[in-house]
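Trainee: My structure is below; once you've seen it, I'll send some questions.
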Amino acid sequence: MSDILTVENLDAFYGESQVLFDVSLSVDENGVVGIFGRNGMGKTTILESIVNRIDRKTGTVRFRDRDISGLAPHEIIRDKIAYVPEDREIYTALTVRENLELATPKGLSEAEQEERIANVFDRFERLDERSAQLGGTLSGGEQQMLAIGRGLVTDPDLLLLDEPTEGLAPIIVDEVVEVLDDLVTQNRAVLLVEQNITRTLPLIDRGYIIESGRIVADGDNEELGDEELHEEYLTV
């Protein structure tokens with residue numbers, strides 16, 4: 251299976267501080283790939299580097315064999331990549347529906363826009379029930395659903411998710427994982443950053459473990475299930 255995304259020899263910086271060191275990874279077409287590690291190890295920085303939301307980086311990022319390293323964030327989003335950040339970035343003063351409407355790409359017909367929003371409501375019935383509710387009044391789990399929904403209405407080929415299960419109740423985690431599992435059957439690829447390796451490991455095809463800005467292990471979900479790896483790099 252071909253790779254939809256490849257990252258090669260990535261170094262990344264915040265100001266003068268280097269936070270990623272020679273990171274290389276790939277995401278298969280229609281695959282789910284995880285990046286795991288403790289807090290502060292550089293997981294989020296990998297995603298921010300892919301979509302160019304970082305001060306400075308070197309290395310190469312390719313999407314469908316096209317070099318997107320120098321593109322602006324909005325150009326990358328137009329390239330069928332959606333990024334759902336850890337802090338969700340929803341509009342708290344707008345309703346659920348308004349949040350989704352704003353996230354849909356320009357140029358769609360009204361019918362196309364409605365179809366995409368309806369698809370999100372089909373996946374997350376809670377959002378449908380709260381479509382007229384302000385984003386800031388939603389629970390944490392509902393806000394996470396809305397953030398993912400805002401990514402999905404762009405109809406991405408690749409979805410980048412930063413800590414999608416963090417702080418969520420187990421029943422909400424189950425809903426999020428079910429949606430991610432369903433995305434793969436619809437010809438979409440997912441790259442997710444997680445601390446919750448126990449819950450998300452069965453979902454991924456392959457994964458990477460990062461420590462102090464460096465990839466220290468990679469493998470399929472069985473290989474990354476090794477208890478010694480968890481003890482050394484993931485246990486807090």
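When we follow the numbering used here, the leftmost residue of the sequence shown carries the number 251, and every step to the right adds one.
Idealized CB from N, CA, C, for every residue including glycine.
Keep in mind the model is a prediction, meaning the values are calculated, not measured.
Which of helix, strand or coil does DSSP assign to G417?
Mentor: Looking at G417 - three-state DSSP - the assignment turns out to be coil, as it is neither helix nor strand.
Trainee: Using three-state DSSP, classify Y341 as helix, strand or coil.
Mentor: coil
Trainee: Grouping DSSP H, G and I as helix and E and B as strand, with all else coil, what is E375?
Mentor: Per DSSP, reduced to three states, the secondary structure at E375 is helical.
Trainee: To the nearest angstrom, how far is it from the Cα of I199 to the Cα of D372?
Mentor: In the structure as shown, the chain begins at 251 and stops at 486. Residue 199 is therefore absent and cannot be evaluated.
Trainee: Express the C-alpha separation of I367 and R376 in angstroms, rounding to a whole number.
Mentor: 13 Å
Trainee: By alpha-carbon positions, which one of L433, A439, V426 ends up nearest to R449?
Mentor: V426
Trainee: Compare the C-alpha of D468 against each of V443, I459, L402 and name the closest.
Mentor: Comparing Cα-Cα distances from D468 to each of V443, I459, L402, the minimum goes to I459.
Trainee: Quick one: grab the DSSP three-state call for A332.
Mentor: strand
Trainee: According to DSSP, simplified to helix, strand and coil, what is A301?
Mentor: Here the sequence assigns Val to residue 301, which means Ala is not the residue at that position. V301 falls in the coil class under three-state DSSP.
Trainee: Leaving aside the five residues before and after A419 along the sequence, list all residues of the same chain whose C-beta is less than 7 Å from its C-beta, in chain order.
Mentor: G391
Trainee: If you reduce the DSSP assignment to three classes, tell me which class R438 lands in.
Mentor: Three-state result, R438: coil.
Trainee: Helix or strand or just coil, what does DSSP make of T404?
Mentor: coil
Trainee: Since L304 and A397 should fall inside the 8 Å C-beta cutoff, what is the C-beta to C-beta distance between them, to a whole number of angstroms?
Mentor: Residue identity differs from the one stated: residue 304 is Ile in this sequence, not Leu. With 8 Å as the limit, I304 and A397 do not qualify as a contact, their Cβ atoms being about 20 Å apart.
Trainee: Measure the CB-CB distance between D272 and R456 and report whether it falls below 9 Å.
Mentor: no
Trainee: What is the rounded straight-line gap between the Cα of S381 and the Cα of E364?
Mentor: 13 Å
Trainee: If you count every other CB in all the chains shown that lies within 10 Å of the CB of S319, and 16 or more means buried, which is it?
Mentor: buried
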